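Residue numbers (UniProt numbering): 1 to 204. The C-beta atom is built at its ideal place from N, Cα and C for all residues, glycine as well. Keep in mind that this is a model prediction, so the values were computed, not measured. A short write-up of the structure that comes next.
Next up, the structure:
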């Protein structure tokens with residue numbers, strides 16, 4: 001699937017979706033942090049895509065949206081804008097009605113979503129030695145996979161290998177807005193050591 005098609009599929013499947021740097025629990029730029037704070041204050045469920053973990057989407061989305069920077073908020077497939085516009089709409093009272101009208105029914109979302117256990121099982125079926133950590137809930141997940149099968153593979157190839165195990169749920173919209181982190185066992189141990197010592201890991 002082309003990146004442009006994947007973006008269109010995400011927009012069609014998610015009434016409210018934020019393309020941001022980082023994740024809502026850990027934004028990686030001030031503008032994304034402010035946008036998340038405003039959306040969270042509205043208390044309306046939304047999907048997100050971490051463009052730092054999805055480099056192809058990060059590159060292609062501005063060409064589709066005609067908006068050069070991140071974050072980007074879409075409602076019902078239409079670009080609302082970035083942080084400044086989200087803040088202005090919050091201040092003038094127009095943001096909450098827009099989000100409320102677009103919000104999916106909770107029961108519908110729950111019925112379609114896979115459990116984290118089902119996601120782990122699917123990944124292990126395709127990558128038999130994988131250690132799988134699934135964070136998040138519903139259709140909006142961060143999946144961390146550690147496997148020796150990733151040895152000598154580029155980052156994009158690692159992510160593609162994981163995504164290939166989830167082709168069915170992605171095609172049926174049981175999964176979307178998925179972020180994938182893939183490591184070899186050595187990379188994972190190195191990352192854990194860096195976290196323990198407070199060092200920042202730089203990936204090349």
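Looking only at 23, 123, 40 and 96, the smallest Cα-Cα distance to residue 49 is reached by 23. Residue burial annotation: residue 32 is buried, with at least 16 other C-beta atoms found within 10 angstroms of its C-beta. In the DSSP assignment, residue 144 is bridged to 133 and 181. Boundaries of the alpha helix (DSSP H) harbouring residue 64: 55–65, taken from the DSSP string. Within the DSSP bridge table, the entry for residue 75 names 16 and 78 as partners. Nearest to residue 45 by alpha-carbon distance, out of 103, 87 and 126, is 103. With fewer than 16 other Cβ atoms from the protein chains shown falling within 10 Å of its own Cβ, residue 59 counts as exposed. Apart from sequence neighbours up to five positions away, the residues of its chain that approach residue 90 with a beta-carbon distance below 7 Å are 38, ordered along the chain. Under DSSP, residue 27 shares a beta bridge with 22. Counting along the chain, the unbroken beta strand (DSSP E) around residue 50 starts and ends at 47–50.
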